[in-house]
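Everything below concerns the one structure shown next.
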Amino acid sequence: MSAACPAILVAAPASGQGKTTVAAALARLHARAGRRVRAFKCGPDFLDPHWLALATGEPVHNLDLWMTGEHDARARLHAAAEQADLIVVEGVMGLFDGEPSAADLAQRLGLPVLAVIDASAMAGTFGALAFGLQHFRPGLPWAGVLANRVASERHAQMLQASLAGNAASFLGAVMRDAAFTLPERHLGLTVAAELPDAMARLDAAADALATTALGQMDGAALARWAVRFEAPAPVPPSAPLLAGRTLAVACDAAFCFVYPANLDTLRDLGAELAFFSPLANEPLPDCDAAWLPGGYPELHAAALAACDQTQASLRAHLQANRPLWAECGGMMPLFDAIVASDGTEQAAWGLLPGRVVMQKRLAALGPQQLTLPAGTLRGHTFHYSRCESTVQVERHTESVRGGALGVGEAVYRAGSLRASYFHAWFPSSPAAAASLFLPGDLT
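Now the structure itself:
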């Protein structure tokens, strides 16, 4: 059966316009009013979902027509529509940027687009930008436009006037205010859990949004953005390839890049998950296999170097020939050293020969896939460091650009340890995901 629910995709003409703040503020505003809000993130991003999850109190899943696939996106939206009063989808980059883009997702799934435009340095051009975003692609569902970082009420009036005959598209202006600025660093926004005032920032943003036409919409007004999501064809359940096995998962401020859907997939495969914190120097719990997901180990390099119990337990785990999958940031402390972008070198855990060196610019970015005998995992890469190591390269991922395949990230192998900069989306191939945590060779 189909399910209908008001839904909106929050987009922008470029990155840095404030769409995460607006999407999280909108979600927080309606959650405070007692409505159940489900939020999603377009693209492979790990960081923005932390803010959306804080705003909604619900898990935030990614939607990407390539990485997660259209069927998966439709299934998650349908499930959300059956329970939610509002669905908020945050876009990625600019509205038409990337392959696939946020506009592709909006058009394919019928999601009305709310364009957030940083109007801090413009007046009449605001109208031109809004017109272009709305009409650049025929048939794009449209909700309206919100001006962000506005200087004054007079400035807001000028922006609204620039829309000329399309004034009904104007959903308000959010004034510039440091109280709800979301701080950034390399890779993107600071993780919400690291800021003691994170909820206060969201509440301040929600309060600001409440003064706009968008923020004053109640449940009845939101109904004009109702989208009917058809029930997807059922997918056969995954074989319980990890039944009876305990999988240890690192989880703290240094290892926080985890898709909730990946954890769901591991549980669907039968695994029992046991979480531990390397930053707290916790040893691996009793387990059959372990996963070190991505995160920010470079920000905690000195603290991680002192985690002797974690290091010793990982070494014993590998000496017992038990599988360990280390992903991007989870791989970095396994080397002999981490070198900061200023050249400062910090000793690491020494489980892999060589070192990782931070760069001042992105070292790699884009969609990737990893082909294994059990299936092909889709995912992406996004990192600022590079490896200098003699460790064996077992295989490479494939870089996916414009439909063409190229050589992607190395997958390193040392005994039962496998590591790569590749971030995998486990639901794309549960069988391949399971093989990362089972004894034996992948070749």
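So for the sequence shown, this note's numbering puts the first residue at 1056; every next one is plus one.
For every residue, glycine included, the Cβ atom is placed at its ideal position computed from N, Cα and C.
(1) Near Val1282, which residues of its chain fall below 6 Å by C-beta distance, leaving aside the five closest residues on each side in sequence?
(2) Rounded to whole angstroms, what's the CA-CA distance from Pro1485 to Leu1347? Just pull it up for me.
(3) Quick check: the Cα distance between Arg1240 and Pro1155, rounded to an integer number of angstroms?
(4) Grab me the residues of Ala1268's own chain with a C-beta within less than 6 Å of its C-beta, minus the 5 sequence neighbours each way, in chain order.
(5) Quick one: using the 10 Å Cβ neighbour count with 16 as the cut-off for buried, is Gly1179 buried or exposed?
(6) At what residue ranges does the stretch 1082 to 1158 contain a whole run of the beta strand (DSSP E), taking only runs of 3 or more?
(7) Candidates Pro1494, Leu1201, Cys1060, Met1056: which alpha carbon is nearest Gly1274's?
(8) Quick test of your reading: Thr1431 and Ala1487, contact by CB under 8 Å. State the CB separation rounded to the nearest angstrom.
(9) Alpha carbon to alpha carbon, how far is Asp1363 from Phe1492?
(10) Tell me Glu1285's beta-bridge partners as DSSP assigns them.
(11) Compute the beta-carbon to beta-carbon distance between Ala1078 and Ala1088, rounded to the nearest angstrom, for a pair I have assumed lies under 8 Å.
(12) With DSSP as the reference, label Glu1337 as helix, strand or coil.
(13) Which runs of the beta strand (DSSP E) fall wholly inside the stretch 1438 to 1482 and span at least 3 residues, in chain order?
(14) List the whole-angstrom C-beta distance separating Ala1139 from Pro1167, where the pair is believed to meet the contact cut-off of C-beta under 8 Å.
(15) Taking Leu1214 and Ala1202 to be in contact with their CB atoms under 8 Å, please state how far apart those CB atoms are, rounded to whole angstroms.
(16) Would DSSP call Gln1414 helix, strand or coil?
(17) Compute the Euclidean distance between the alpha carbons of Arg1231 and Val1304, then round it to the nearest angstrom.
(18) Give the DSSP-derived three-state secondary structure of Ala1170 in the structure shown.
Looking at the coordinates:
(1) Closer than 6 Å at the Cβ level, and outside the excluded window around Val1282, lie Ala1062, Gly1165.
(2) Spanning the two alpha carbons is a distance of roughly 18 Å.
(3) Residue placement at Arg1240 cannot be trusted, given a pLDDT of 49 that sits under 50; the coordinates are not used to answer.
(4) Here Ala1268 has Leu1226, Gly1227 as same chain residues with Cβ atoms under 6 Å from its own Cβ, once five neighbours each way along the sequence are excluded.
(5) Counting Cβ neighbours within 10 Å, Gly1179 comes out exposed, since fewer than 16 surround it.
(6) Correct list: 1092 to 1097, 1116 to 1118, 1141 to 1145.
(7) Nearest option by C-alpha distance: Cys1060.
(8) Confirmed, Cβ separation roughly 6 Å.
(9) Distance between the alpha carbons of Asp1363 and Phe1492: 24 Å.
(10) DSSP lists no beta-bridge partner residue for Glu1285.
(11) Going by Cβ atoms, the distance from Ala1078 to Ala1088 rounds to 16 Å, so no, they are not a contact pair.
(12) Coil at Glu1337, not helix or strand.
(13) Counting whole runs of 3 or more residues, the stretch 1438 to 1482 contains the beta strand (DSSP E) stretches 1440 to 1443, 1447 to 1456, 1459 to 1469, 1472 to 1475, 1478 to 1480.
(14) By a beta-carbon distance limit of 8 Å, Ala1139 does not contact Pro1167. Their separation comes to about 16 Å.
(15) That pair is a contact at about 5 Å.
(16) Reduced to three states, the DSSP call for Gln1414 is coil.
(17) Val1304 has its alpha-carbon roughly 40 Å from the corresponding atom of Arg1231.
(18) Three-state DSSP puts Ala1170 in a strand.
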